[in-house]
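Read the structure below first, then the notes.
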Amino acid sequence: MSKKKILLKVIILGDSGVGKTSLMNQFVNHKYSSVYKATIGADFLTKDLVVDNHEVTMQIWDTAGNERFQSLGVAFYRGADCCALCYDVNDPKTFESLNNWREEFLVQASPKNQDQFPFVVLGNKVDTYEGSPDAIKKKAEQWCSEHFNIPFFETSAKNATNVDAAFQSIAQAAIAQKGTDTDIYVMNQVNIDQPAPQAQKSDCTC
Numbered sequence: 001m002s003k004k005k006i007l008l009k010v011i012i013l014g015d016s017g018v019g020k021t022s023l024m025n026q027f028v029n030h031k032y033s034s035v036y037k038a039t040i041g042a043d044f045l046t047k048d049l050v051v052d053n054h055e056v057t058m059q060i061w062d063t064a065g066n067e068r069f070q071s072l073g074v075a076f077y078r079g080a081d082c083c084a085l086c087y088d089v090n091d092p093k094t095f096e097s098l099n100n101w102r103e104e105f106l107v108q109a110s111p112k113n114q115d116q117f118p119f120v121v122l123g124n125k126v127d128t129y130e131g132s133p134d135a136i137k138k139k140a141e142q143w144c145s146e147h148f149n150i151p152f153f154e155t156s157a158k159n160a161t162n163v164d165a166a167f168q169s170i171a172q173a174a175i176a177q178k179g180t181d182t183d184i185y186v187m188n189q190v191n192i193d194q195p196a197p198q199a200q201k202s203d204c205t206c
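For the sequence shown, the UniProt record's numbering gives the first residue as 1, with consecutive numbering after it.
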């Protein structure tokens with residue numbers, strides 16, 4: 001038998017240490033590790049889900065938030081259907097970097113309509129809020145409003161707060177971006193005589 005699935009490529013961007021890898025692992029594997037390990041180059045995981053009655057395969061790319069790896073951007077950003085911009089709610093500098101990450105993505109990915117390309121902003125680590133949580137939240141909401149009403153979520157990869165909701169929003173935005181073109185589908189041929197393929201994961205150190 002065969003089924004049509006929508007293949008979505010999602011890029012997660014943000015400074016090193018904001019929790020991009022943890023968010024991806026929580027969403028895909030429902031796992032969290034308190035041990036920090038920097039991503040080298042890029043890594044991706046895939047997850048199948050149903051979004052608005054569409055069968056979807058999300059390919060989620062976690063890229064290194066380090067300037068020395070930003071030259072890899074063109075190869076990884078091209079063909080993306082949505083971009084998640086992440087910051088640490090306890091580190092204002094990571095929020096201030098969002099505009100640079102957004103601009104870099106638009107330059108290197110070169111989407112056809114930059115004003116309408118879907119972004120989602122994730123303020124991560126709400127489980128460890130320090131100081132006044134409303135201050136940076138208001139700034140984030142204002143920034144999202146000024147940039148074509150980008151959806152905004154406060155998340156916790158540790159406690160799974162808003163993680164599923166955020167990625168559902170990401171998938172919905174990506175599907176809307178793709179529209180109804182026939183090339184949004186990938187044909188998955190299923191042979192019952194063969195074992196199911198293993199989950200995809202890639203580590204790139206090039």
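Even glycine gets a Cβ: it sits at the ideal position worked out from N, Cα and C.
Tell whether a beta-carbon distance below 9 Å holds between residue i and residue j.
| i | j | result |
| --- | --- | --- |
| Asp88 | Asn113 | no |
| Cys82 | Val10 | yes |
| Gln108 | Val163 | no |
| Ala173 | Val120 | yes |
| Asp62 | Thr21 | yes |
| Ala157 | Gly19 | yes |
| Leu7 | Val56 | yes |
| Ala140 | His30 | no |
| Phe152 | Asp115 | no |
| Leu122 | Glu154 | yes |
| Leu49 | Gln168 | yes |
For the alpha helix (DSSP H) that residue i lies in, which residues bound it at each end?
| i | result |
| --- | --- |
| Glu96 | Pro92 to Glu96 |
From the DSSP output, in three-state form, read off residue i for me.
| i | result |
| --- | --- |
| Arg68 | Annotation note: pLDDT 49 at Arg68 (below 50); position unreliable, no value reported. |
| Val50 | strand |
| Phe152 | strand |
| Phe117 | coil |
| Ile40 | The predicted model places Ile40 with a pLDDT of 48, which falls under 50 and marks its position as unreliable; any figure quoted below should be read in that light. Correct three-state label for Ile40: coil. |
| Val18 | coil |
| Lys138 | helix |
| Lys4 | strand |
| Lys178 | helix |
| Cys206 | With a pLDDT of 41 at Cys206, under the threshold of 50, the modelled position of this residue cannot be trusted, and the question is left open. |
Just tell me which of the options has its CA closest to the CA of residue i.
| i | options | result |
| --- | --- | --- |
| Trp101 | Ile12, Phe148, Thr155 and Thr46 | Ile12 |
| Ala16 | Thr46, Leu98, Pro111 and Gln116 | In the sequence as presented, Ala is not what sits at residue 16; that position holds Ser. Considering only alpha carbons, the answer is Leu98. |
| Lys178 | Leu49, Pro111, Asp134 and Tyr32 | Pro111 |
| Tyr77 | Asp91, Cys144, Ile6 and Phe117 | Phe117 |
| Gln59 | Asn53, Ala84 and Gln142 | Ala84 |
| residue 207 | Asp43, Val50 and Pro92 | Residue 207 is absent from the model: the chain starts at 1 and stops at 206. |
| Leu45 | Val28, Asp134, Cys144 and Lys4 | Val28 |
| Lys5 | Asp43, Leu106, Asn90 and Asn53 | Asn53 |
| Ile170 | Val51, Asp43 and Asn25 | Val51 |
| Pro14 | Glu130, Ile150, Glu146 and Glu104 | It should be noted that the sequence gives Gly, not Pro, for residue 14. Answer by Cα proximity: Glu104. |
| Val126 | Glu146, Gly79 and Asn90 | Asn90 |
| Leu106 | Gly79, Glu130 and Thr94 | Gly79 |
Span of the beta strand (DSSP E) holding residue i?
| i | result |
| --- | --- |
| Asp127 | Note, Asp127: premise wrong, no beta strand (DSSP E); not H, not E. |
| Asp88 | Cys82 to Asp88 |
Check the DSSP bridge columns for residue i and list the partner residues they point to.
| i | result |
| --- | --- |
| Asp62 | Ile12 and Asp43 |
| Val56 | Ile6 and Leu49 |
Would the C-beta of residue i count as close to the ligand FMN, meaning under 8 Å from any of its heavy atoms?
| i | result |
| --- | --- |
| Lys47 | In the structure on display, the ligand FMN does not appear, and there are no ligands present to speak of. |
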